[in-house]
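To convert a position in the sequence shown, counted from 1, into the numbering used here, add 39.
Working notes, structure below.
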Amino acid sequence: MKRVIKVFYISVVVLIFIQYSTTFSHAKIDPQTIVGVWLLDEGKGDVAKDMSSNKNNGKVVGAEWVKGKFGMALAFDGSSQLEITASASTDNYVDGFTYLLSIMPTGNAPNDNTRVIERDWHNPTIQIGAADFYGSTMVAGDQAASNVRGGKWAKNEWSFVALTWDGSVLSLYVNDQMVKDIKLKKPDFSKNHANGAIWLARWKGGAGWDYIGVIDEVGVFSTALSLDDLKSIMVNGLDKTLGLSPVSAEGKLTATWGDVKK
């Protein structure tokens with residue numbers, strides 16, 4: 040009987056290992072393409088830690104720590120922001136990029152170009168309008184012909200939004216769908232300087248363009264992530280998809296195997 044029980048538990052352990060291995064193998068994102076990952080799980084203080092090796096930590100200015108889609112998040116009131124200083128890594132976007140985050144608006148958008156996240160002026164940026172999403176990058180000194188709009192958002196509801204550039208196509212994703220794309224020439228390059236900083240929830244140029252609501256799990260990459268990658272991040276979060284958690288499948292397997300041997 041003991042042998043049967045042990046065989047049963049060994050089978051369970053193997054299944055657990057397969058489950059965790061499968062979960063993490065779905066994430067085929069090259070770590071070298073990560074510009075920054077801000078889980079926003081600190082819950083206090085004025086620093087939003089970048090979980091990547093680039094250490095692009097953000098400065099929390101006036102925003103409030105609240106419960107998020109995954110763990111904690113930041114709530115913005117239209118006069119608060121998260122500031123991420125420009126760096127060589129945040130400049131790495133011309134040949135490909137992905138900007139993504141989860142948002143839950145709690146107030147009206149003041150206009151059709153309400154800032155959610157923006158590096159330089161429209162280069163790149165994700166914004167919201169009265170009920171839709173907007174993304175753009177600069178081409179030949181302007182964004183009038185290099186933007187995409189689509190999708191829908193609602194107050195007090197979470198939406199996952201991503202903007203990607205793969206070297207030829209700018210694509211806007213809302214939740215699990217690509218809602219708009221456009222073929223473009225290469226974006227303008229603006230070297231890191233004050234305007235090259237990434238800001239969340241506010242426009243650097245002045246008041247009246249600022250987001251009211253909650254933001255969670257922000258990611259920036261120097262490549263265009265696939266729809267499957269985006270879906271995994273939307274459902275599982277950046278932490279699990281990228282394997283950032285210190286608790287690994289191997290650790291869980293070791294603990295379980297130790298229990299079996301008892």
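Idealized CB from N, CA, C, for every residue including glycine.
For residue i, which residues of its own chain have a beta-carbon under 6 Å away from its beta-carbon, when the five flanking residues on both sides are left out?
i, result
"Lys224", "Val178"
"Asn234", "Asp159"
"Thr262", "Thr72, Gly135"
"Trp197", "Lys108, Ser141, Met143"
"Leu113", "Leu79, Ala102, Ile254"
"Ser64", "Model confidence at Ser64 stands at a pLDDT of 41, short of 50, so the residue's coordinates are unreliable and nothing is read from them."
"Val76", "Met90, Ser91, Gly258, Leu277"
Span of the alpha helix (DSSP H) holding residue i?
i, result
"Asn275", "266 to 281"
Between which residues of its own chain and residue i is the CB-CB distance below 8 Å, once the five residues before and five after are set aside?
i, result
"Pro226", "Tyr132, Val133, Asn162, Pro163, Thr176, Met177, Val178, Ser185, Trp204"
"Gly180", "Asp227"
"Ile68", "Phe260, Leu264, Asp268, Thr280, Leu281"
Return the chain-ordered list of same chain residues with a C-beta closer than 7 Å to the C-beta of residue i, the five sequence neighbours on each side being excluded.
i, result
"Trp39", "Only positions 40 to 301 of the chain appear in the structure, and residue 39 is not among them; the question remains open."
"Thr145", "Lys194, Asn195, Ile251, Gly252, Val253"
"Lys222", "Ser207, Val208"
"Ala236", "Glu122, Ile123, Thr124, Ala125"
Restricting to Cα atoms, I'd like to know which of the options is closest to residue i.
i, options, result
"Ala246", "Ser119, Leu113, Asp69", "Ser119"
"Asn275", "Glu256, Ala263, Ser265", "Glu256"
"Lys270", "Ser91, Val74, Met217, Leu121", "Met217"
"Asn93", "Pro70, Ala183, Val99, Gly110", "Pro70"
"Ser210", "Val187, Ser198, Gln166", "Val187"
"Glu81", "Gly190, Gly97, Val74", "Gly97"
Going straight from the alpha carbon of residue i to that of residue j, what length do you get?
i, j, result
"Asp268", "Leu277", "10 Å"
"Gly101", "Lys83", "12 Å"
"Asp171", "Leu202", "14 Å"
"His273", "Leu140", "It is Met, not His, that sits at residue 273 in the sequence shown. Met273 and Leu140: Cα-Cα distance of roughly 9 Å."
"Asn231", "Phe115", "25 Å"
"Leu121", "Ser128", "18 Å"
"Met90", "Val74", "10 Å"
"Ile304", "Tyr212", "Only positions 40 to 301 of the chain appear in the structure, and residue 304 is not among them; the question remains open."
Looking at the secondary structure, which residues open and close the beta strand (DSSP E) in which residue i lies?
i, result
"Val76", "73 to 77"
"Arg154", "153 to 159"
"Thr145", "It is not in any beta strand (DSSP E) - Thr145 carries neither H nor E in the DSSP assignment."
DSSP puts residue i in a beta bridge; with which residues?
i, result
"Pro226", "None; Pro226 has no bridge partner."
"Asn186", "Ser175"
"Lys106", "Met111"
"Ala201", "Leu139, Tyr212"
"Trp238", "Glu122, Glu157"
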